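Below is one structure, written out as structure tokens; comments come after it.
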Amino acid sequence: MTLPSDFVKLIDSYIARGGVQLRGLCEALSATAPQVSVRFNPLKARPRGAFEASAAVAWWPDAAYLDARPAFTFDPALHQGRYYVQDASSMAIAAVVRRLVASMPADAAITYLDACAAPGGKTTAALDALPPEAVVVANEYDYRRANILAENVAKWGRPGVIVTRGDTAQFGALHAFFDIIAADVPCSGEGMMRKDAVAVEQWSPALVCDCAARQRTIIANLWGALKPGGYLIYSTCTFNRQENEDIIESIIADYGAEAVDVGLSCYAEIAPGLLTDIPCYRFLPGRVRGEGLFMAVLQKPAGEAPRARKSKDARRRGSSAGKASLPAMPEWLVGDYCYSAGAAGEVYAMPAAMASVADAVCGVADVVSRGTLLATIKGRDIVPAQPLALSADLRREAFPAVELLRDAALTYLRREVLSLPEGLPRGYVLLTYDGVPLGFVKNIGNRSNNLYPQHWRILSAERP
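Note that this note's numbering numbers the sequence shown so that position 28 is 949, with each residue one more than the last.
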């Protein structure tokens, strides 16, 4: 791969000014291959086989590097949300969140916003580090990518997650609301150059300037929504200072923020900030077994009093049509839940203790999903939804179950007709693979209706 000449000159200029950590970066980008890694879901059984003999990721032990890239699409465990294919550098968000949570009061009801969340890798990593009672909002600007985000969050199975879509400006109405805001901001993508040819082709000094301007706007949109004493986790997948250290310095100067050392420097392979003494962390190919990443944590000054929030009409923004329109819901989840209705008969379940926080978010944001999509109401029928099957709070005894072998599981994931054993009661049946829930079918006697979501199905006609 040939890197853009202006990019090489930029990196060389940093090295000449004392940025010795960048030595060998261009060679690593040009001549080395990315490392495959996965992060395991602590709420679900870890898959076996090739994953068992793999090396652990230093900063997040519940993850592993793989020696080769398997055909992930044809592994039912991936679709069950038992692991997530994620670059090891990006997993550092989990380590950072865990350290921040440890610094907060043990009884704190944490609210967490992932402001630029798609496709969901950093959101699910943060979920692994947050306490179970934390309310998480995952937002994505792009409509299509927001749906992918909602799918990946649903597969992870953690209750209490709200997925929203839209500009970060929508959170301006939630003044001093979030304890932690993660902003993995859109950037020039230099850190993806050895994985993505488009990142090489599109790079230019003008793109860097445009991205830096957008990043400043995003931070301005989000800063008011952060609680006094709260934390902003800023990250990019790029190498230049303009989108990284320069942005951090401007946040400190403009908002009185304080940079926080979260201890990642204990890992020798993680480089410090470039030409600065501010605690920043750089993941550089050639030094780490991962792609390029920049990360810094900033704390908002304490003492600012929160203002009353002005909520918009939640029903108009699609968050809930209220409880009055819902029938009595089956006890399909373990725990205390409250329910809300979507615009097309969907029923969402949110842990009752999180409902008031969810109401506030849904009052100002364009909501894709509020908690777990439990079911869809079709006439008098309450049809269980796929996210229910993957929820960690699924009450499994509420459904008869059938265990599938791998080929049958793939047939189901392609949304093809599946044969069921004789003697099953009619109605909704939970399918499992390797003892872990996979999804639902409806047994109607002589055949079954596959309830796997149309837009989630495996499209490839190839057989593994």
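Beta carbons are placed, not taken as given, at the ideal position from N, Cα and C, and that holds for glycine.
Computed from a predicted structure; not experimentally measured.
Coarse secondary structure for residue i, derived from DSSP in three states
i, result
"W1377", "helix"
"Q1220", "strand"
"R1236", "Because the pLDDT at R1236 is just 36, under 50, the model does not fix this residue reliably, and the point stays unresolved."
"A1229", "With a pLDDT of 43 at A1229, under the threshold of 50, the modelled position of this residue cannot be trusted; read the value that follows with caution. Three-state DSSP puts A1229 in coil, outside helix and strand."
"S1241", "At S1241, the pLDDT of 41 sits below 50, so the modelled position is not reliable; the number obtained from the coordinates is stated separately. Coil at S1241, not helix or strand."
"V941", "helix"
"F1092", "helix"
"A1059", "strand"
"G970", "helix"
"A976", "strand"
"V1084", "strand"
"R1203", "strand"
"F1320", "coil"
"V1255", "coil"
"L1372", "coil"
"L931", "helix"
"S1277", "helix"
"S926", "helix"
"A1050", "helix"
"N1367", "coil"
"A1382", "coil"
Unbroken alpha helix (DSSP H) run spanning residue i, endpoints
i, result
"N1073", "1064-1077"
"D1105", "Note, D1105: premise wrong, no alpha helix (DSSP H); beta strand (DSSP E) at 1099-1105."
"R1327", "1327-1334"
"A952", "946-952"
When the options are compared against residue i, the one with the closest alpha-carbon
i, options, result
"R1003", "F1320, D1100, T1045", "T1045"
"F1160", "P1026, S926, L931", "L931"
"E1324", "T923, L1359, A1310, A1296", "L1359"
"A1274", "V929, P982, K1043, P1053", "P1053"
"D1100", "V1058, A1329, Y1062", "V1058"
"I1388", "D1131, G1151, L1185", "Given a span of 922 to 1385 for the chain in the structure shown, any question on residue 1388 remains unanswerable."
"D1117", "C1158, S1290, N962, V1082", "C1158"
"V1278", "A1047, D1008, A1055, A949", "A1055"
"R1115", "Y986, E1212, D1049", "E1212"
"L1326", "L964, N962, S934, F995", "F995"
"D1328", "L1339, E1318, A1319, P1321", "L1339"
"I1083", "F1092, A1071, G1093", "A1071"
"M1216", "A998, G1093, Y1152, Q1091", "Y1152"
"N1060", "F928, A1103, K1299", "A1103"
"P968", "S1261, D983, V978", "D983"
"V1255", "P991, E1318, E1267", "E1318"
"G1348", "V1357, G1224, R1368", "R1368"
"V1119", "V1018, F1361, T923", "T923"
Beta strand (DSSP E) segment containing residue i, residue limits
i, result
"S958", "957-961"
"V1350", "1348-1354"
"P1358", "1357-1364"
"P1272", "1267-1272"
Which residue spans inside the region 1119-1192 form an unbroken beta strand (DSSP E) run of at least 3?
1147-1157, 1179-1181
In chain order, each alpha helix (DSSP H) run of at least 4 residues that lies wholly inside the region 987-1048:
997-1000, 1013-1023, all fully within the region 987-1048.
Beta strand (DSSP E) runs wholly inside the region 1279-1312, at least 3 long, in chain order:
1287-1291, 1293-1299, 1302-1305
Within the chosen definition, does the region 986-1006 reach the region 1019-1033 through at least 3 CB pairs nearer than 8 Å?
no
Does the count of Cβ pairs from the region 1283-1294 and the region 1086-1099 closer than 8 Å reach three?
yes
Three or more C-beta pairs under 8 Å: does that hold for the region 941-953 against the region 1195-1206?
yes
Do the region 957-966 and the region 1169-1184 touch if we need at least three Cβ pairs shorter than 8 Å?
With a cut-off of 8 Å, the region 1169-1184 and the region 957-966 do not count as touching, because too few Cβ pairs lie within range.
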